[in-house]
Amino acid sequence: MLEGFLEPYHKRPLTMGEIGCFLSHYFIWEDAAKNNYQKVLVFEDDVRFEPFFVTKLQSLLKEIEDNKLEWELIYLGRKRMWHADEPPVDGFQSLVWADYSYWTLSYMVSQQGVKKLLDQKPLGKMLPVDEYIPIMFDRHPEEKWKNQFSPRNLKGMSTSPLLVFPTHYTGENNYISDTEDSHVISEEQDHSNEDLEGKPEGPRLPNILGPDTRDEL
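Count the sequence shown with the numbering used here and you get residues -18 to 198, in order.
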């Protein structure tokens, strides 16, 4: 666990659910790097899509290609934590430079973005994945956490408006959080990252960005 980490609202260490969520994303990044994927589209398991999602995403990808945009991570679904206007990405009507954001409902990450996320070796200083990503594009308010990662130059962007939303929000019927509603880790358990070395390979990820084509985890 990251030195000095306490969850900002409940002042607690990581939960088992947050560790599992982080590892799910980490293994995707690792698989993408191993297989030399140029870009990866990530969804968590509790999302709903905006109408005409596929058409809108394909239009965005074409616009990115036509403008030769050097992007590294683009949120498709997130929770904004600051209310100030986010600057638009030059030449784009529907892309902004992302500020501090929660949730990793859905995002695209490029080969270079994957490299930057992995190069920090975050298993040795783990925190929730939706805290780690804003740290990596240097828009996190907690300086003592940020200072444990360098460089923090991930190019973090977001679609605006968003294309993906959670199926349920806190307090709604049938809302479940596998991250919040799980056990907090103990000091004795805070070395589990060391056991990940030499783990078996995960399954190869399919390409879901071709032309044919849940809340707070």
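Where is the CB? At the ideal position from N, CA and C, for every residue including glycine.
Unbroken alpha helix (DSSP H) run spanning residue i, endpoints
i	result
Val145	No alpha helix (DSSP H) holds Val145; the beta strand (DSSP E) holding it covers 145 to 147.
Tyr(-10)	Here Tyr(-10) belongs to no alpha helix (DSSP H), and DSSP marks it neither H nor E.
Tyr88	Where Tyr88 is concerned, there is no enclosing alpha helix (DSSP H), although the beta strand (DSSP E) it sits in stretches over 82 to 91.
Leu57	Unbroken run through Leu57 is the beta strand (DSSP E), 54 to 61; no alpha helix (DSSP H).
Lys15	-3 to 15
Ser40	34 to 48
Met117	110 to 117
Lys127	124 to 127
Exposure label - residue i; buried when at least 16 CB within 10 Å
i	result
Trp10	buried
Ser139	buried
Gly94	buried
Tyr7	buried
Trp63	exposed
Asp26	exposed
Glu112	buried
Thr36	exposed
Beta-carbon proximity list for residue i, same chain, < 8 Å, skipping 5 on both sides
i	result
Val145	Phe24, Val28, Arg29, Phe30, Glu31, Phe34, Leu57, Gly58, Leu86, Ser87
Lys125	Gly(-15)
Leu(-17)	Lys106, Met107, Leu108, Trp126, Gln129
Own chain residues within Cβ distance below 7 Å of residue i, not counting five before or after
i	result
Pro201	There is no way to answer for residue 201, as the model of the chain reaches only from -18 to 198.
Leu(-13)	Arg(-7), Pro(-6)
Phe3	Met107, Pro109, Val110
Whole-angstrom distance between residue j and residue i, CA atom to CA atom
i	j	result
Phe49	Arg(-7)	Here the sequence assigns Lys to residue 49, which means Phe is not the residue at that position. Whole-angstrom Cα-Cα distance: 43 Å.
Glu107	Gly137	The question names Glu, but residue 107 in the sequence shown is Met. If I take the Cα positions, the gap works out to 20 Å.
Asp47	Pro132	29 Å
Gln19	Gln92	5 Å
Pro69	Trp52	13 Å
Tyr(-10)	Asp100	29 Å
Arg61	Leu143	11 Å
Glu175	Trp78	Any answer about Glu175 is weak, because its pLDDT of 49 lies below 50 and its placement is not dependable; what the coordinates show is given next. Approximately 35 Å, taken between the alpha carbons.
Gly(-15)	Pro103	15 Å
Ser13	Lys97	Here residue 13 turns out to be Ala, not Ser, going by the sequence shown. Approximately 12 Å, taken between the alpha carbons.
Asp71	Gly1	36 Å
Ser5	Lys43	28 Å
Other residues of its chain near residue i: CB distance less than 6 Å, five sequence neighbours each side excluded
i	result
Val90	Val21, Leu54
Phe73	none
Boundaries (first-last residue) of the beta strand (DSSP E) holding residue i
i	result
Val28	28 to 30
Leu(-17)	Counting along the chain, Leu(-17) falls outside any beta strand (DSSP E), and DSSP gives it neither H nor E.
Leu76	76 to 78
Residue-chain proximity (residue i, chain D), Cβ-Cβ < 8 Å
i	result
Val145	Within the model displayed, chain D is absent; a lone protein chain is all it includes.
Distance between beta carbons of residue j and residue i, contact taken as under 8 Å
i	j	result
Ser75	Leu41	7 Å
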